[in-house]
C-alpha cells in the first residue's frame, strides 16, 4: 500500500513540475475536494499551492506537504474551484428603479459602485465573473484596477455596451448602442473589440435586420470573440440560431408557457455546441422577497461595503417590491419557469450558472449560491450544478487551461465551505476561505 501511495505521489508531483516555479507555499489539508471534473470527490484531500498555481491535488496520504509550508486545515469543509457567475451587472446593486439609480450614481459607477459589487462577488467565492452590460469605459477601468491589484474583485470578462436597435430611454445611450445598418453594426462591434471586450452582447435581435445581425456575429467571430444574445422571445432565439449566436441568456422572462417545438428542435440540433445561461433564480428571488419574506431585506450582508446613504437609498427603493414596474409580470412568469428550464435541459444545450446580479433584489453577495440551489430544486444533480459554475464557464471563455478546475498548473482560485454542497448547496452562502491566484482574500 505504501509503495502504491508513494508512486501516486511521485506522479502527481512530476505532473506538477512545469507549474512549480517555486517551492509550495500553501497547503489546504483534510477537506473533501471537488476538483470540477465531475468525478468522485477526494476524501481527506490536499490541495498544494506554489505562488499563484496549484501544484498537486490528491488524497492526504498521496500528496506530501513539504516542511515549512503554510498549512490550513480544511477538515469538515468542501474545497472546490473558485466559482464563475456568467451574468452580472457591476453597475447595479439591487436598486428597484434603474432611472433613479442612474441619476444618482452614474458619475460614481467606476470608482464607487462597481468596486462594491466586485468585492461582494469575490467574498461570495465568485473568483471569475462575466459582466454583460455596462458603459465600456467604466467596466474596462474596473477590470484594469482589479488586475493591477488596486481593488479586490473577481477576474472579469466583459461585454461593455449592449448592441441593439436603439436605447429604451435616453439616459441609457452610453451602455445601449443602437445600430442602423450592417456597416454601423460592424463599426460599433469593432469599437468594442478594439477597446478590449471579451464578448459581444446582442439583444432584441429580432428587431434587427438579417444583415445587421450577420454583421454583429461575423465581426465578433472574425476576432475570435463569442456572441451572447437575449432569449426572452421565441423570435429572438430563432434569429440567434440562424446566425450562429454562441450563448443565449435568460429563461422565463417571457410569459409564454413553453418554448415552441421549432425552437426546441433548433436547440437540439446545436446541442452541446450551444451554451445557455438560464438566470432562473431572479424570478423566484424577487417573488419570494415580495410575497413571502420581505424580511430578507433586513439582512445586513447585502449592503456590505456600501456607504450608509447608498444602502438606505436601495432599501427605500425596495419598500414595496410588488409595486415595482419590473415586478409586474413576475407572478405570471413564475409558474412557467420550471417547465422552460426542463425543456432547455432536454435539448442538451450546455447550461451555465449566471444570475443577473445587480437587478432589483438580486444582490451580488448572495446571488450565485441562490441560482445554484434553485437548479438543485429543479432536479439538476449537484455535481452538474457545480460544473456549470466552474468547468463549463471556463470552457466557454476558453480559459480552461488555467481556470475552472483544481489540478496541477491551474491558477489557485479556490473556495472552501463548511459542509457538503453535494447534499446542501446553501452551504455556499458563507465561504470559510477564498483564494484568488493563491492569495487568501477571505
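Numbering (mature numbering (1 follows the signal peptide of the UniProt record, and there is no 0)), first residue to last: -21 to -1, 1 to 421. We treat Cβ as the ideally placed atom computed from N, Cα and C, and that holds for glycine.
Which first and last residues belong to the beta strand (DSSP E) in which residue 7 is found?
Position 28 of the chain shown holds residue 7. First-last of the beta strand (DSSP E) with residue 7: 5 to 12.
Is it right to say residue -8 is buried, meaning 16 or more other beta carbons lie within 10 angstroms of its own, or is it exposed?
As a first step, residue -8 must be located in the chain shown, where it is residue number 14. Residue placement at residue -8 is flagged as unreliable, the pLDDT there being 42, under the threshold of 50; the coordinate-derived value follows with that caveat. That one is exposed.
Just reading off the beta strand (DSSP E) that residue 423 is part of, what are its end residues?
Since the first and last residues shown for the chain are -21 and 421, residue 423 lies out of range.
In three-state terms, what does DSSP make of residue 200?
Residue mapping note: residue 200 aligns to position 221 of the chain shown, counting from 1. Helix at residue 200.
Roughly how many angstroms separate the alpha carbons of residue 59 and residue 13, rounded to a whole number?
As a working note, residue 59 is residue 80 in the chain shown. As a working note, residue 13 is residue 34 in the chain shown. One Cα belongs to residue 59, the other to residue 13, and the distance between them is close to 5 Å.
Is the beta carbon of residue 262 less than 7 Å from the beta carbon of residue 276?
Within the chain shown, the letter at position 283 stands for residue 262. Within the chain shown, the letter at position 297 stands for residue 276. Result no, Cβ atoms of residue 262 and residue 276 do not sit closer than 7 Å.
Does DSSP put residue 145 in a helix, a strand or coil?
Within the chain shown, residue 145 is the residue found at index 166, counting from 1. The three-state secondary structure of residue 145, taken from DSSP, is coil.
Look at the alpha carbon of residue 368 and the alpha carbon of residue 383, and state the distance between them as a whole number of angstroms.
On the chain shown, residue 368 is found 389 positions in, with the first residue counted as 1. On the chain shown, residue 383 is found 404 positions in, with the first residue counted as 1. For the pair residue 368 and residue 383, the Cα-to-Cα distance works out to about 8 Å.
Where residue 40 and residue 395 are concerned, what is the direct C-alpha to C-alpha distance, given to the nearest angstrom?
As a working mapping, residue 40 is identified with position 61 in the chain shown. As a working mapping, residue 395 is identified with position 416 in the chain shown. Going from the Cα of residue 40 to the Cα of residue 395 covers about 20 Å.
Are at least three pairs of beta-carbons, each pair with one atom in the region 337 to 350 and one in the region 15 to 27, less than 8 Å apart?
Three or more beta-carbon pairs separated by less than 8 Å are not found between the region 337 to 350 and the region 15 to 27, which leaves the two stretches without contact.
For residue 356, does the count of other Cβ atoms within 10 angstroms reach 16, so buried, or fall short, so exposed?
Your numbering for residue 356 matches position 377 in the chain shown. Classification for residue 356: exposed.
Am I right that residue 128 and residue 54 are in contact with their C-beta atoms under 8 Å? What's the rounded C-beta distance?
For the purposes of this step, residue 128 is taken as the residue at position 149 of the chain shown. For the purposes of this step, residue 54 is taken as the residue at position 75 of the chain shown. Not a contact, Cβ separation roughly 31 Å.
If you draw a straight line from the alpha carbon of residue 90 to that of residue 121, how long is it in whole angstroms?
Start at 1 with the first residue of the chain shown, and residue 90 comes out as number 111. Start at 1 with the first residue of the chain shown, and residue 121 comes out as number 142. Each residue's alpha carbon lies about 8 Å from the other.
What do you reckon, are the CB atoms on residue 410 and residue 104 nearer than 7 Å?
By 1-based counting over the chain shown, the position of residue 410 is 431. By 1-based counting over the chain shown, the position of residue 104 is 125. Closer than 7 Å, so yes.
Let me know the secondary structure DSSP gives residue -2 once reduced to three states.
Numbered from 1 along the chain shown, position 20 holds the residue referred to as residue -2. Since pLDDT at residue -2 reaches only 41, below the 50 mark, its modelled position is unreliable, and the value read off the structure follows with that caveat. Of the three classes helix, strand and coil, the one that applies to residue -2 here is coil, per DSSP.
Sorted by chain position, which residues of the same chain lie with C-beta nearer than 6 Å to residue 114's C-beta, five sequence neighbours on each side aside?
Indexing the chain shown from 1 puts residue 114 at position 135. Taken in chain order, the residues that qualify are 153, 154.
Quick one: grab the DSSP three-state call for residue 311.
Along the chain shown, read from residue 1 onward, the residue named residue 311 stands at position 332. Looking at residue 311 - three-state DSSP - the assignment turns out to be helix.
With H, G and I counted as helix, E and B as strand and the rest as coil, what does DSSP make of residue 390?
For the purposes of this step, residue 390 is identified with residue 411 of the chain shown, where counting begins at 1. Three-state DSSP puts residue 390 in a strand.
Would you decide whether residue 240 is buried or exposed? Buried here means 16 or more other CB atoms lie within 10 Å of its CB.
The sequence position of residue 240 within the chain shown is 261, counting from 1. The residue is exposed, with fewer than 16 neighbouring Cβ atoms inside 10 Å.
Quick one, which of 6, 391, 140, 400 has its alpha-carbon nearest residue 351's?
Here the question's residue 351 lines up with position 372 in the chain shown. Of the listed residues, the one whose Cα sits closest to residue 351 is 400.
Are residue 331 and residue 360 close, meaning C-beta to C-beta below 7 Å?
Position 352 of the chain shown, counted from the first residue, corresponds to residue 331. Position 381 of the chain shown, counted from the first residue, corresponds to residue 360. Contact: no.
Helix, strand or coil: which one does DSSP assign to residue 267?
Locating residue 267 in the chain shown gives position 288, counting from the first residue. Note: residue 267 maps to helix in three-state DSSP.
Within the same chain, show all residues whose beta-carbon is closer than 7 Å to that of residue 303, passing over the 5 residues directly before and after it, in chain order.
The sequence position of residue 303 within the chain shown is 324, counting from 1. Same-chain partners within the cutoff: 75, 339.
My assumption, with CB atoms under 8 Å, is that residue 136 sits in contact with residue 376. Please give the rounded CB distance.
By 1-based counting over the chain shown, the position of residue 136 is 157. By 1-based counting over the chain shown, the position of residue 376 is 397. 6 Å between Cβ atoms; contact.
Looking only at its own chain, which residues have a Cβ that is under 6 Å from the Cβ of residue 215, when we skip the five neighbours before and after it?
Within the chain shown, numbered from 1, the residue matching residue 215 stands at position 236. Cβ neighbours of residue 215 beyond the five flanking positions: 184, 185, 209.
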